[in-house]
Each structure stands twice: as C-alpha cells, then as structure tokens.
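First comes the structure, then the notes that go with it.
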Amino acid sequence: AQSVTQLDSQVPVFEEAPVELRCNYSSSVSVYLFWYVQYPNQGLQLLLKYLSGSTLVKGINGFEAEFNKSQTSFHLRKPSVHISDTAEYFCAVSGSQGGSEKLVFGKGTKLTVNP
Amino acid sequence: KAGVTQTPRYLIKTRGQQVTLSCSPISGHRSVSWYQQTPGQGLQFLFEYFSETQRNKGNFPGRFSGRQFSNSRSEMNVSTLELGDSALYLCASSLTPGHEETQYFGPGTRLLVL
C-alpha cells in the first residue's frame with residue numbers, strides 16, 4: 064500500500080522568502096508523484112508531476128520539486144514566494160505499474176505568505 | 164478546451180435524505196474518479212469509472228454509489244445522508260485508467276448535511 068506524509072501541517076513565511084514544503088512517501092512499487100495546490104473554495108490544480116527521467120521537476124508559478132528515491136522524498140520548493148501563493152498544498156502518489164488508478168494524498172500543508 | 168465541470172457547486176441537505184452529484188469530464192477523457200475531502204480525513208478516493216464500469220472503489224460504505232454514462236459523464240449518489248458526509252466532493256477525469264498524469268480535477272461540490 065502507498066502512503067504519503069506531509070511533515071508540516073502549516074508553514075508561515077514572509078513574502079519574497081524561500082519556502083520548502085516537505086513530502087515523504089512509502090510504496091513497494093515504482094511511483095508517480097504529484098503536487099497539487101488548492102486555493103480557498105476551489106478544486107485542486109496540478110502544480111507539477113514526476114513520472115520518470117530528471118529528478119528535478121519544474122512546475123507552474125515558479126515551483127519546483129526534487130524526487131529523491133533513496134530518501135523517498137518529493138519536496139516542493141519556491142525561491143521567492145508571493146502573497147498569492149497562500150493556499151493549501153497536497154502531495155500525492157500513484158502506482159506507475161498500472162492497475163491502480165487512485166491517487167493517495169497527504170494531509171496537506173497550509174502555506175501562509177505574510178507581507 | 165473546457166475543464167471538468169461539477170454540478171451543483173453547493174448543496175444543503177438534511178440527515179436521512181439522499182443526494183446526487185454530477186461530473187462532466189474534459190472532452191475526450193473517458194475515466195472519471197471521485198474523491199471526498201474533509202478536514203479530518205483529508206482527501207480520500209471514492210471510486211473510479213471507465214466505460215460505464217466501476218473499476219476501483221475506496222473504503223466507503225455502500226451508501227456511496229456512482230455510475231457513468233455512455234458520454235463519460237458520471238454521477239455519484241449518497242443515500243441516507245449522515246452529518247459526517249458533509250464534505251467537498253471532487254471529481255477528476257483522465258484519458259484512460261492508469262493515467263493519473265493526465266488527471267485534472269473539477270472545482271468540487273460542497274455538501275453540507277444538517
């Protein structure tokens with residue numbers, strides 16, 4: 064079974080500061096990894112995904128994430144955040160072998176960017 | 164291309180009633196998955212449909228059911244509503260099963276059970 068742990072439930076930062084949102088996963092099979100963002104009263108928007116290849120993945124809005132297989136991590140980073148980045152961020156995993164179509168999500172990290 | 168649409172966006176029901184939620188996938192997407200999001204349990208997989216067949220089901224009671232039509236639109240139904248069913252219900256569509264990398268989410272239906 065797959066599982067995802069987002070180590071921080073809340074992360075407050077100041078505008079223009081760098082941020083890292085941590086995500087660790089466990090799985091007995093090869094995985095696909097995703098980060099989604101959810102703004103208040105909205106659905107999920109895909110930020111970026113790791114399927115294979117380069118371990119550094121660049122996404123929308125200046126975010127990037129690095130897949131580390133040995134540490135089973137997929138941390139999300141942004142070098143300089145804006146007020147508009149205030150939202151909840153979800154890390155998710157799915158099996159890459161096919162047969163399981165569901166995403167398993169972490170509990171989410173609420174990022175608050177303060178002026 | 165239009166995104167995933169869900170109707171209604173907001174719904175208020177009372178305990179014991181039933182409710183039906185609708186999801187229209189992105190054009191060309193034939194797989195539809197449903198998720199429940201609550202503050203306590205987070206995002207949990209409900210079920211997934213492809214070619215009008217349920218392919219996968221999460222750990223939810225039988226009160227939760229769904230179906231998919233020939234045009235890939237999907238509905239989910241919750242019978243005998245309980246207070247704990249209050250949640251945001253998210254629908255996601257993808258090209259075919261096993262392709263979460265093409266999966267996109269709708270805005271959700273927020274259900275409040277009183």
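Protein chains in written order, with our numbering: chain A, 64 to 178; chain B, 164 to 277. Using N, Cα and C, we set each Cβ at its ideal position, and we do this for glycine too. What you are looking at is a predicted structure, and each value in this text was computed from that prediction instead of being measured.
Excluding five sequence positions before and after residue 70 (chain A), the CB atoms of its chain that fall closer than 6 Å to its own CB belong to 85, given in chain order. Bridge partners of residue 229 (chain B) according to DSSP: B:239. In terms of beta-carbon proximity, residue 165 (chain A) lines the interface with chain B, with at least one pair separated by less than 8 Å.
Restricting attention to A:82, A:80, A:119, A:67, the CA atom closest to the CA of residue 205 (chain B) is found in A:67. Excluding residues up to 5 positions away in sequence, 157 lie with their Cβ nearer than 8 Å to the Cβ of residue 165 (chain A) in the same chain. The C-beta distance from residue 167 (chain B) to residue 187 (chain B) rounds to 7 Å, short enough to meet the 8 Å contact threshold. Close CB contacts of residue 122 (chain A) within its chain, under the 6 Å cut and outside five residues either way in sequence, are with 110, 111 (chain order). With a threshold of 8 Å between beta carbons, residue 116 (chain A) makes no contact with chain B. In the DSSP annotation of this structure, the continuous segment of the beta strand (DSSP E) that includes residue 177 (chain A) starts and ends at 172-177. Here residue 115 (chain A) carries a coil assignment [DSSP, helix/strand/coil]. Annotated as distal: residue 200 (chain B) and residue 244 (chain B), with beta-carbon spacing of 8 Å or more.
In this structure, residue 225 (chain B) lies away from residue 209 (chain B), with their beta-carbon atoms at least 8 Å apart. In this structure, B:257 is the residue among B:219, B:230, B:257, B:228 with its C-alpha nearest to the C-alpha of residue 190 (chain B). Here the C-alpha atom of residue 184 (chain B) lies approximately 19 Å from the C-alpha atom of residue 266 (chain B). In this structure, residue 272 (chain B) places its C-beta atom within 8 Å of the C-beta atom of residue 172 (chain B). Taken through DSSP and simplified to helix, strand or coil, residue 247 (chain B) comes out as helix. Contact between residue 171 (chain A) and residue 270 (chain B) is ruled out by a C-beta separation of about 17 Å, above the 8 Å threshold.
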